[in-house]
DNA sequence: ATGAAAGCGCTAACAG
DNA sequence: CTGTTAGCGCTTTCAT
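Chains as they are written, first to last, in this note's numbering: chain A, 1392 to 1736; chain B, 1392 to 1736.
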C-alpha cells in the first residue's frame, strides 16, 4: 500500500492531469476555498489520494507568505526550564497545526541576536527566551522579529506580549517562609546579574529588607547551574547565613551537595531554598523547598499569545504565573544558637 | 542602525535594481558560484548590505529542493533522554548551518507515522526516535522517509544508519555487578514490552540466566517513568528479590522513593540499579548505580550520520555506544539472610 | 463554476 | 562575464 519509495513526490499538475481538470480546480478542491461542482471535486479527490498527493508545504509557504511554523529561541537547551517551555509550546502549537523550530544560542548573547533574525526568516514568528540580552538590544531586536512572544521577561517600551513567572513574588514568599522559621541572616545566591529574573529577585530582596529590618539579607554572585552552586558552598559557610536562597533549583542542588561533603546538615545547620521546582527537586534528600514555576504552561501560553498575533487578533495581555511555594524538607527552623544573634548590616 | 521595522523584506530584485545589474548577477555574487567582475561584485555587495538583504530561505528551498533543515521525531519530549538527543543534534546541526524542527508524537504510535511523514516534507531528513513502533511498520515508514537516521534502535532489513546505545551490554554489566555483590534473586522491571531497548535488555537477561543458573532472575512488567516505578514497589517486595534492575533511572527513582516510604532501606535491604544516568541520578540518596548512556553524543552522532546522507556520502556504519557502568550507592552486598536462600524458578 | 495566466523569490541553464 | 528566460509547486486574480 504505502511504502513504495517514490523518487520525486507528485505535484498538483499530476493530480490535475489524472483528474482531467486544471491546476486551479485541484487547488480549489483541496483547499475548499471556492465552490466546485461536486462531480469534479470527487474526481479530484480520487486522483489526489490515488497518487497519495499532498501539497508541497514549501511552495504553499512561498505563495501564501506563511509557513505554519514558529521558532523558539533559547539560551541553553541544557536548562530544564526550557525543556518544559519547549514541550508546552510544541504540543500546543501542534494542536493548531503548527510546527516548531528550535534554536539554541548556547548561552552566547551575541549569537542570540543573529540566530533569532536568521531563524525568523524560516517561520512566522519567534518565541524568544533571552533572559540575558540587554534591554536596549532587546527592544531593537523585537521590531525586527515582528510577531514575537517573550518568555520569562517583559519588554519595556514595546507592546510585545510576554509570558513569564512572577519571580519577585516567588522570592518574597520564600523570604517570608525563612523569616517565619526564625532565620535572621539570609544569603541570596544571585544568577546572571542583568537577567530579568535575577533583577526581579533583587527587587523582592530590597522590598523585604525595607519591610523587615530585623533580618540581614546579603547577596552573593553565584550563577545558574549545579557547578556554580557547588562552588558557592565556602562562601555560604563564611557568610554565617542560616538561610540560603539559591537562584534556582540547580544552584540549590549543587550547594546542598557541597554542603553534604563538608558535613553541614540541611536543614539543621542551614536551610536552603531553590526556585523553579524542576522535576527532581522533590526527590532530593532532603526534598527541596522551592517556588514552583509551571514551565509547561508557560510554553502553552506562549503559543496562545503567538496564535493571537498570527491571527492578527488583539495581542492579549502579558501573563504572569505566580510561583507556588513548595515547602519541603530543605528548610526548617533556624538553629537556636543564631536566632536573633546577629545585628550586622 | 538596525531595528527599523521593514514592512516587507527586500527581494533580490531590489538589490539588482540598486546595483544596476541583473538578478542573476546578484545571485551569482551572493552565492559565489560563478566568476563575476570584481567591480560589479562590489556594487552588488554594497547594495545588498545597504538594503540589509538576505535571500529568502523559502524561495531558495523551493528552487534548490533543499531546506537546510532536519526534523527530529520523538515519542515524548518529557523524557530526559530525548532532551539530550535534541541538544546534541541541534548543536551539531547548527555548526553545519542546519536548523532543526521538533516533532513530539506524545507517545502515540499511530500519530508518529503521520507526524513523521508530514514533517518530512518540510525538511531534508528525519532523525527518528520510535522505540515502540512495530518493526514492520518501521520498515515501511523508512522507505518513505528517505534520508533517515534511527536513534536507539536498528532496522532489520534496510541499510538505515542508526545511532544507539548497547542496552544489552549495559544490562549485562549491571547483572554481573549484582551477582558479584552476592545477589542471587534478581528482578527486572521491564519497560515498554516491544520496545527495542527493552528487548535488548531481555536478551541480556536470558544470556545471563543461561550462564549463571545459580541466580534467579524474574521479569515484572513495569513501565518507563517515575510513577510506574513507584507503583512497582509492592510487587518488588513480594518477589523477594534482593536486587532490582529498573528499566531506567526514572523507574529506579520512583521505586526508591516508594521503598523509602515503606521503610525499606536501599541498598541494605534491596539494591536498585537504573539505566541512562540522567543528570540527577548521582544526586539521589543514595546515588543511583546505573549504566550511563551518552545522550548528547547520541544526538551529535545522529547528526553526523545525517550529514553523510545529505551529502550523499557513504551511509556510515551504525554506531553503538557502550554504556558505562556507574557504580554508586544504591547497590551493595546482598543482605546476609537471603544469600543462597532461594531456589525458586 | 472553471481555466489561463501571473507571480511568490530565487537559481540555473541558455544565449550572447 | 553578464543578462534573459524558464522554471521550483503552488494560489489567486482575471477572464470566460
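Glycine residues also receive a C-beta, built at the ideal position from the N, C-alpha and C atoms. These numbers come from a predicted model, not from an experiment.
Looking only at DSSP bridge pairs, what is residue i linked to?
i: residue 1609 of chain B; result: B:1578
i: residue 1715 of chain B; result: B:1683
i: residue 1710 of chain A; result: A:1554
i: residue 1408 of chain A; result: In the DSSP output, where bridge partners are listed per residue, residue 1408 of chain A has none listed.
i: residue 1462 of chain A; result: A:1492, A:1517
My output table needs one value for residue i: the three-state DSSP class, helix, strand or coil.
i: residue 1570 of chain A; result: helix
i: residue 1500 of chain A; result: helix
i: residue 1722 of chain B; result: coil
i: residue 1427 of chain B; result: coil
i: residue 1469 of chain A; result: coil
i: residue 1678 of chain B; result: coil
i: residue 1400 of chain A; result: coil
i: residue 1704 of chain A; result: coil
i: residue 1479 of chain B; result: helix
i: residue 1443 of chain A; result: coil
i: residue 1548 of chain A; result: coil
i: residue 1561 of chain B; result: helix
i: residue 1583 of chain B; result: coil
i: residue 1456 of chain B; result: coil
i: residue 1413 of chain A; result: coil
i: residue 1590 of chain A; result: helix
Taking 7 Å as the limit between beta carbons, can you name the residues of its chain near residue i, skipping five residues before and five after?
i: residue 1403 of chain B; result: 1414, 1417, 1418, 1446
i: residue 1396 of chain B; result: Interpretation of residue 1396 of chain B is limited by its pLDDT of 46, a score under 50 that renders its predicted location unreliable; no figure is taken from the coordinates.
i: residue 1528 of chain A; result: 1504
i: residue 1526 of chain B; result: 1547
i: residue 1599 of chain B; result: 1563, 1566, 1608
i: residue 1707 of chain B; result: 1552, 1696, 1699
i: residue 1550 of chain B; result: 1706
i: residue 1660 of chain B; result: 1726
i: residue 1533 of chain A; result: 1539, 1546, 1549, 1551
i: residue 1502 of chain A; result: 1496
CB-CB under 8 Å to residue i, same chain, minus the five flanking residues each way: which ones, in chain order?
i: residue 1459 of chain B; result: 1448, 1452, 1488, 1489, 1490, 1515
i: residue 1572 of chain A; result: 1634, 1662, 1722, 1723, 1724, 1725
i: residue 1683 of chain A; result: 1667, 1668, 1714, 1715, 1716, 1717
i: residue 1412 of chain B; result: 1431, 1434, 1435
i: residue 1583 of chain A; result: 1522, 1523, 1589, 1614, 1615
i: residue 1711 of chain A; result: 1555, 1556, 1557
Go through its chain and collect everything with a Cβ distance to residue i's Cβ below 6 Å, but skip five positions before and after it.
i: residue 1409 of chain A; result: 1438
i: residue 1481 of chain A; result: 1491
4 or more residues per run - each alpha helix (DSSP H) lying fully within the segment 1604-1676 of chain A: 1617-1622, 1624-1630, 1640-1652
Completely contained alpha helix (DSSP H) runs for the segment 1484-1546 of chain B, where each covers 4 or more residues: 1500-1511, 1526-1536
Any 3 or more C-beta pairs closer than 8 Å across the segment 1620-1630 of chain B and the segment 1588-1599 of chain B: no
Stretch pair the segment 1596-1614 of chain B + the segment 1457-1474 of chain B: three plus CB contacts closer than 8 Å: no
The segment 1537-1548 of chain A contacting the segment 1691-1707 of chain A, beta-carbon criterion three pairs below 8 Å: yes
The segment 1509-1529 of chain B / the segment 1578-1592 of chain B touching (three or more Cβ pairs under 8 Å): yes
Cβ pair count under 8 Å reaching 3, the segment 1470-1485 of chain B against the segment 1428-1447 of chain B: no
The segment 1569-1585 of chain B in contact with the segment 1634-1648 of chain B per 3-pair CB rule at 8 Å: yes
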